[in-house]
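Numbering (the working numbering), first residue to last: -1 to 300.
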């Protein structure tokens, strides 16, 4: 089994008396898209900059591609690609000229035209950077991270400020990185739907600590975030006719009945068994699992 791309144990970072990162443990496997989530000041940027080798840590052990990023080599740098939240490119150079310049920094770069095609900029290859749209500039940023054929890509809030169409295009581009084989992506984002759609696993940071980690659809702390059940009662059936253990929970909500439960399997079994026994239907029965945004808001609430 391949070794993890990122291994972090007890990571700490202090600025004077303020501890920005407080004992983070983290593992990122090869080929994953892994998302870091958290409010401003949670420690995301500090953690990622330590992994990139741009910031010193105060304590803990870190290995990225088998190397301590505090002591990077040129060979290690060529295996890591970084897309910053904001990057200023030479405005008078064309897309192709920019990539040709950056390709010269690497020992074995990817072919320039192949990389341009990969990020969907073939039609803009001869266009000056200053004439690119925001979404096209972001695609060029990704191309610059790919030109060295990096194994690990850090994407720092890659779709901030994008309109919905541009964001969807960026998601498709990031998802397509899987087809390159062996590429690992570490993504930071404030968009919950972005993490929900792209990430294999996510970690939520708060106050310098990871408060939850796992697959986006399974990140539900037991007993803290409830499942919502909605349904309509058949004509002539009143609330007090429901099973006693549910009647006290159910409330009218815009003409439909709703209750919340931390034990959805048990309570749904009670509800459906009652309906079957009475020979009635439950129109518009709907069970809503907590979304990643629900989990995030619950875990990061002050």
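Cβ coordinates follow ideal geometry from the N, Cα and C atoms, glycine included.
Asked: Nearest neighbour of residue 142, chosen from 80, 264, 293 [CA to CA]; Found: 80
Asked: Pairwise C-alpha distance: residue 51 and residue 18; Found: 17 Å
Asked: Backbone CA spacing between residue 30 and residue 149 [nearest angstrom]; Found: 11 Å
Asked: Beta-carbon proximity of residue 283 to residue 255, cut-off 8 Å; Found: no
Asked: Contact check, residue 281 vs residue 229, beta carbons under 8 Å; Found: yes
Asked: Between the CA atoms of residue 9 and residue 56 - distance to the nearest angstrom; Found: 8 Å
Asked: For residue 249, the residue or residues it bridges with in DSSP; Found: 256
Asked: Backbone CA spacing between residue 67 and residue 75 [nearest angstrom]; Found: 9 Å
Asked: C-alpha distance - residue 115 paired with residue 205, whole-angstrom precision; Found: 41 Å
Asked: Check: residue 244 C-beta below 7 Å from any heavy atom of the ligand FAD; Found: As for the ligand FAD, it is missing from this structure, which has no ligand bound.
Asked: From 103, 12, 171, 28, residue whose alpha carbon lies closest to that of residue 181; Found: 28
Asked: Cross-strand partners of residue 158 (DSSP beta bridge); Found: Looking at the DSSP assignment, residue 158 forms no beta bridge with any residue, so it has no partner.
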